[in-house]
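> First, the structure itself, so that you have it in front of you.
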Amino acid sequence: MDDITALILDDHAAFRRGFARLDDAEGVEHLSAVWEALALHLDIHAEAEERILYPHLLKQRTDDAEEETDDAIRDHNKIRDAIEAAKQHPVGSAEWWAAVRDARRENSEHLAEEEDEVLPDFRRHAGLDLRLELGDQWLTFYGEHPAGKGLTFRDKDPQRYIEQHSE
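Heads up, the sequence shown is in my numbering, so the first residue is 752 and it goes up one at a time.
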């Protein structure tokens, strides 16, 4: 069994590698292949965090849980918006690159916040058994939604999300 925090860190490493692959990609076909896989993974990851990690972070009722969750939802929205913006432009165009850079910047900031604040906070307050159970849920979620099947990638209202998951 895997600890959910380790699985999230694995995804974070994959995102960093994906953006590095974009740096090396040449030609529209290669750029498109790398970006489409990366963008889909970013979207699925955000959905998984919003369904599995953040509701449990809020239940831990730590001093920073609501603020960390609010930040995460806002970050996910910005990443989704940048992914959506990239879809509006030809791959490799200046506008497409601008949207991809926005996604990269927002994602980099989000990863740093999660790795420096959210995940350590969660590990301190959630027992290993819960982290392992959530890790199993994480893997199941990915298995149930291959290539994002059945998921809708929509922005969420951070306050409404917190209210819905704090009960």
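Here a beta-carbon is modelled for each residue, glycine too, at the ideal position from N, C-alpha and C.
Under 8 Å by Cβ, that's how I've got K829 and E857 pegged, so tell me the actual separation to the nearest angstrom.
Walking along the sequence shown from the start, residue 829 turns up at place 78. Walking along the sequence shown from the start, residue 857 turns up at place 106. Yes, K829 and E857 are in contact; Cβ-Cβ is about 4 Å, under 8 Å.
> Go ahead and pull the three-state DSSP assignment for A784.
Locating residue 784 in the sequence shown gives position 33, counting from the first residue. Helix.
> For D906 and E914, I'd like the C-alpha separation in whole angstroms.
Along the sequence shown, read from residue 1 onward, the residue named residue 906 stands at position 155. Along the sequence shown, read from residue 1 onward, the residue named residue 914 stands at position 163. Rounded to whole angstroms, D906 to E914 spans 16 Å at the Cα level.
> Where does G894 sit, in a helix, a strand or coil, going by DSSP?
As a first step, residue 894 must be located in the sequence shown, where it is residue number 143. Of the three classes helix, strand and coil, the one that applies to G894 here is helix, per DSSP.
> Determine, using beta carbons only, whether A776 and V785 come nearer to each other than 8 Å.
Here the question's residue 776 lines up with position 25 in the sequence shown. Here the question's residue 785 lines up with position 34 in the sequence shown. Yes, these two residues count as a Cβ contact at 8 Å.
> Take L760 and list the residues in its own chain whose beta-carbon comes closer than 8 Å to its own, dropping the five residues that flank it on each side.
In the sequence shown, the residue the question calls residue 760 occupies position 9. Cβ within range, chain order: E866, L870.
> By DSSP, does Q811 sit in helix, in strand, or in coil?
As a working note, residue 811 is residue 60 in the sequence shown. Reduced to three states, the DSSP call for Q811 is coil.
> Hey, is the segment 884-891 in contact with the segment 812-832, meaning 3+ C-beta pairs nearer than 8 Å?
With the cut-off at 8 Å, the segment 884-891 and the segment 812-832 do not touch.
> According to DSSP, simplified to helix, strand and coil, what is T903?
Sequence index remark: in the sequence shown, residue 903 carries index 152 (1-based). DSSP places T903 in coil when its eight states are reduced to three.
> How is Q839 classed by DSSP in three states: helix, strand or coil?
Residue numbering aside, residue 839 sits at position 88 when the sequence shown is read from its first letter. In this structure, Q839 counts as coil in the three-state DSSP scheme.
> Whole angstroms is fine: what's the gap from D774's alpha carbon to F873's?
Numbered from its first residue, the sequence shown carries residue 774 at position 23. Numbered from its first residue, the sequence shown carries residue 873 at position 122. Taking the straight line joining both Cα atoms gives about 33 Å.
> Please work out which residues of its chain come closer than 6 Å, Cβ to Cβ, to L902, disregarding the five sequence neighbours upstream and downstream, and give them in chain order.
Translated into positions along the sequence shown, residue 902 becomes position 151. For L902, the CB contacts under 6 Å within the same chain, skipping 5 residues up- and downstream, are E798, H896 in chain order.
> L808: buried (16+ other C-beta within 10 angstroms of its C-beta) or exposed?
Along the sequence shown, one-based indexing puts residue 808 at 57. Taking a 10 Å sphere around the C-beta of L808, we find 16 or more other C-beta atoms and assign the residue as buried.
> Which of the three DSSP states is assigned to D908 in this structure?
Along the sequence shown, one-based indexing puts residue 908 at 157. Residue state, collapsed to three classes: coil.
> Considering A776, what are the terminal residues of the alpha helix (DSSP H) in which it resides?
As a position in the sequence shown, residue 776 is number 25, starting the count at 1. No alpha helix (DSSP H) contains A776, which DSSP labels as neither H nor E.
> Identify, in the order they occur along the chain, each residue of the same chain with its Cβ nearer than 8 Å to the Cβ of D762, setting aside the five sequence neighbours on each side.
Translated into positions along the sequence shown, residue 762 becomes position 11. Answer for D762: H792, H796, listed in chain order.
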